[in-house]
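**Student:** Quick note, the sequence shown lines up with residues 0 to 425 if you use numbering that gives the first Met the number 0.
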Amino acid sequence: MIRQKQLWPWMIAAIGFVALVAAAGFRATPGALVEPLQNEFGWSTGTIGFAMSVNLALYGVTAPFASALMERYGVRKVTAVAMTLIALGSGLAIFMTASWQLVMLWGVLVGLGAGSISLGFVATIGTRWFVKRQGLVTGLLTAGGATGSLIFLPVVAKLSESDGGWRTAAIVTSLVAFATVPFVLLFFREHPGDVGIPPYGADEVVPTPPPTRNAGKLAVDALKSASHSKAFWVLAAAFAICGATSNGLINTHFIPAAHDHGMPSVTAAGLLALIGVFDLVGTVVSGWLSDRYDPRKLLAVYYGLRGLSLLVLPQLFDDKVTGFMLIFVIFFGLDFIATVPPTVALCREHFGMSAPIVFGWVFAAHQLGAAFAATMAGVTRDGFGSYAPAWYAAGALCMGAAALSLWTRRRPETIEDTLIKEPARA
Numbered sequence: 000m001i002r003q004k005q006l007w008p009w010m011i012a013a014i015g016f017v018a019l020v021a022a023a024g025f026r027a028t029p030g031a032l033v034e035p036l037q038n039e040f041g042w043s044t045g046t047i048g049f050a051m052s053v054n055l056a057l058y059g060v061t062a063p064f065a066s067a068l069m070e071r072y073g074v075r076k077v078t079a080v081a082m083t084l085i086a087l088g089s090g091l092a093i094f095m096t097a098s099w100q101l102v103m104l105w106g107v108l109v110g111l112g113a114g115s116i117s118l119g120f121v122a123t124i125g126t127r128w129f130v131k132r133q134g135l136v137t138g139l140l141t142a143g144g145a146t147g148s149l150i151f152l153p154v155v156a157k158l159s160e161s162d163g164g165w166r167t168a169a170i171v172t173s174l175v176a177f178a179t180v181p182f183v184l185l186f187f188r189e190h191p192g193d194v195g196i197p198p199y200g201a202d203e204v205v206p207t208p209p210p211t212r213n214a215g216k217l218a219v220d221a222l223k224s225a226s227h228s229k230a231f232w233v234l235a236a237a238f239a240i241c242g243a244t245s246n247g248l249i250n251t252h253f254i255p256a257a258h259d260h261g262m263p264s265v266t267a268a269g270l271l272a273l274i275g276v277f278d279l280v281g282t283v284v285s286g287w288l289s290d291r292y293d294p295r296k297l298l299a300v301y302y303g304l305r306g307l308s309l310l311v312l313p314q315l316f317d318d319k320v321t322g323f324m325l326i327f328v329i330f331f332g333l334d335f336i337a338t339v340p341p342t343v344a345l346c347r348e349h350f351g352m353s354a355p356i357v358f359g360w361v362f363a364a365h366q367l368g369a370a371f372a373a374t375m376a377g378v379t380r381d382g383f384g385s386y387a388p389a390w391y392a393a394g395a396l397c398m399g400a401a402a403l404s405l406w407t408r409r410r411p412e413t414i415e416d417t418l419i420k421e422p423a424r425a
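1) Can you list the beta strand (DSSP E) stretches of 3 or more residues lying completely in the region 91–152, in chain order?
2) Check residue 305 in the structure and name its three-state DSSP category.
3) Residues in its own chain within less than 6 angstroms of residue 374 by CB, not counting five upstream and five downstream?
4) Run through DSSP, which three-state label would residue 72 get?
5) Suppose the cutoff is 6 angstroms on Cβ atoms and the five residues either side in sequence are ignored; what does the same chain contact list for residue 380 look like?
6) Taking the continuous alpha helix (DSSP H) assigned at residue 476, which residues delimit it?
7) Using the Cα positions of residue 102 and residue 54, report the straight-line distance between them to the nearest angstrom.
8) Quick check on residue 199: does DSSP put it in helix, strand or coil?
9) Do residue 141 and residue 66 come within 9 angstroms of each other at the CB atom, strictly closer than that value?
10) Which value, in whole angstroms, describes the spacing of the CA atoms of residue 5 and residue 279?
11) Quick one: using the 10 Å Cβ neighbour count with 16 as the cut-off for buried, is residue 38 buried or exposed?
12) Would you check if there are 3 or more beta carbon pairs closer than 8 angstroms linking the region 179–188 to the region 75–85?
13) Check this for me: beta carbons of residue 361 and residue 156, under 9 angstroms apart or not?
14) Is it right to say residue 382 is buried, meaning 16 or more other beta carbons lie within 10 angstroms of its own, or is it exposed?
15) Among residues of its own chain, excluding the 5 on either side of residue 405, which ones have a beta-carbon nearer than 7 angstroms to its beta-carbon?
16) Which same chain residues end up closer than 6 angstroms to residue 84 when comparing Cβ atoms and leaving out the 5 residues on each side of it in sequence?
17) Would you decide whether residue 193 is buried or exposed? Buried here means 16 or more other CB atoms lie within 10 Å of its CB.
18) With a cut-off of 8 angstroms, do at least 3 Cβ pairs link the region 344–355 to the region 257–276?
19) How should residue 282 be labelled, buried or exposed, when 16 other C-beta atoms within 10 angstroms of its C-beta is the threshold for buried?
20) So, using beta-carbon positions, are residue 93 and residue 166 closer together than 9 angstroms?
21) For a quick check, are the C-beta atoms of residue 264 and residue 134 less than 9 angstroms apart?
22) Determine the extent of the alpha helix (DSSP H) in which residue 173 is found, giving its start and end residues.
23) Which residue wins for smallest C-alpha separation from residue 364, given the options 18, 397, 60, 32?
24) Can you grab the Cα-Cα spacing for the pair residue 297 / residue 233, in whole Å?
25) State the Cα-Cα distance for the pair residue 206 and residue 129, rounded to the nearest angstrom.
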């Protein structure tokens with residue numbers, strides 16, 4: 000029985016990791032396909048960036064409602080539908096002939112699907128299945144996205160140069176997403192109570208709660224309640240900057256920016272994948288640290304170091320991979336989404352069992368920041384002929400996020416908090 004108690008939570012985390020890896024496949028695609036789309040259709044960087052902005056915005060705005068839908072219909076069903084939407088959006092793209100179709104397929108369809116299995120999904124698994132090791136599990140699951148990029152990005156870049164071009168890459172991504180659906184439906188379980196065990200680190204079985212009747216109202220009510228807290232707005236603002244400088248800027252524009260300096264796209268994609276390798280390490284370590292140290296101080300360090308690295312990046316681009324660029328890749332990779340575990344920890348501290356949905360709204364801010372940066376960086380490139388102003392602005396914003404993180408006050412501990420912590424000490 001003890002072995003079963005320990006096995007189920009980690010098995011659920013492993014299934015979630017696989018789903019996140021598969022969902023990350025499409026998120027690795029756009030940055031590698033900017034140039035092929037421009038060559039075939041003549042679309043500007045700003046036009047393609049707008050489609051990616053729609054994707055990133057919906058990816059974020061969908062997250063809190065997806066967390067609420069998981070409360071209503073279950074994580075398993077919502078995840079299966081999300082992966083199907085990603086597969087359809089990617090697969091149908093091979094027939095597109097106009098930029099509005101890019102917006103509808105890669106922007107809307109994939110944005111809705113990806114938003115339904117995002118970091119709110121991570122928070123839901125961590126909160127439901129774990130009392131101990133929540134930070135570590137959050138880091139591991141968040142790293143699933145980085146692993147997905149690691150697996151798919153070089154493949155996508157290589158496939159885009161094959162005889163089938165970018166369409167081959169889109170089809171491969173679609174098939175991987177479809178293959179994940181039966182895996183999730185067969186093996187995922189919703190709550191520890193469904194298999195008669197307590198959450199990891201607790202002693203008592205928590206009864207499975209009844210389904211929520213109105214998922215939309217649950218999401219909106221969580222936002223209304225959280226919006227009265229200064230901590231929510233500080234976390235949302237800092238996380239918007241995180242999204243702008245990671246998904247919006249680096250993920251979407253690093254490859255074309257490197258190509259501007261003569262670096263082959265496949266080489267640049269390899270560097271971006273290497274960021275994913277070190278992100279895997281950095282996010283897991285960040286989760287471990289978040290279980291032990293003040294998450295406010297961790298966030299301040301992460302944002303500050305990220306800002307410094309972005310300020311020097313414009314001087315590092317070259318037509319080949321240099322030692323200084325490799326140092327940037329390692330440094331930025333370790334920091335890339337290390338911000339997630341301490342942000343989730345602060346959501347749990349301030350919002351308790353509502354943390355998954357509240358974090359969904361904080362993540363929405365992350366993706367709105369990413370959407371804004373994806374478009375503005377493209378417009379900057381079209382207007383100035385260089386991405387340099389975008390990198391400098393991003394570095395300055397990260398310094399602001401570091402200051403915001405230190406401004407988040409610790410919530411006074413209550414009697415209820417003490418009771419919640421007792422199982423973790425057992």
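Each residue gets a CB set at the ideal place from its N, CA and C atoms; glycine is no exception.
**Tutor:** Straight from the coordinates:
1) Within the region 91–152, there are no complete beta strand (DSSP E) runs of at least 3 residues.
2) Under the three-state reduction of DSSP output, residue 305 falls in the helix class.
3) Contacts found: 48, 49, 52.
4) Helix at residue 72.
5) Beyond the five residues adjoining it in sequence on each side, residue 380 comes within less than 6 angstroms, by CB distance, of 44, 386 in the same chain, given in chain order.
6) Residue 476 is absent from the structure shown; the chain starts at 0 and stops at 425.
7) The alpha-carbon atoms of residue 102 and residue 54 are separated by roughly 8 angstroms.
8) Looking at residue 199 - three-state DSSP - the assignment turns out to be strand.
9) The Cβ atoms of residue 66 and residue 141 lie no closer than 9 angstroms to each other.
10) Inter-residue distance for residue 5 and residue 279 is about 24 angstroms (C-alpha atoms, whole angstroms).
11) Classification of residue 38: exposed, given that the 10 Å Cβ count is below 16.
12) With the rule of 3 Cβ pairs closer than 8 angstroms, the region 179–188 counts as touching the region 75–85.
13) No, the pair does not count as a contact, with Cβ atoms beyond the cut-off.
14) Counting Cβ neighbours within 10 Å, residue 382 comes out exposed, since fewer than 16 surround it.
15) The residues are 295, 299.
16) Setting aside the 5 residues that flank it on each side, residue 84 is surrounded in the same chain by 108, 111, 112, each with a C-beta closer than 6 angstroms to its C-beta; the list follows chain order.
17) Counting every other CB atom within 10 Å of its CB across the protein chains shown gives residue 193 a total below 16, marking it as exposed.
18) No: the two stretches stay apart, fewer than three of their Cβ pairs being nearer than 8 angstroms.
19) Label assigned to residue 282: buried.
20) Inclusion of residue 93 and residue 166 in the CB contact set at 9 angstroms is warranted, their separation being smaller than that value.
21) With a cutoff of 9 angstroms on beta-carbon distance, residue 264 and residue 134 are scored as not near each other.
22) 165–186 is the span of the alpha helix (DSSP H), which, as asked, contains residue 173.
23) If you compare the alpha carbons of 18, 397, 60, 32 with that of residue 364, the shortest gap goes to 60.
24) Taking C-alpha positions only, residue 297 is separated from residue 233 by approximately 15 angstroms.
25) Spanning the two alpha carbons is a distance of roughly 15 angstroms.
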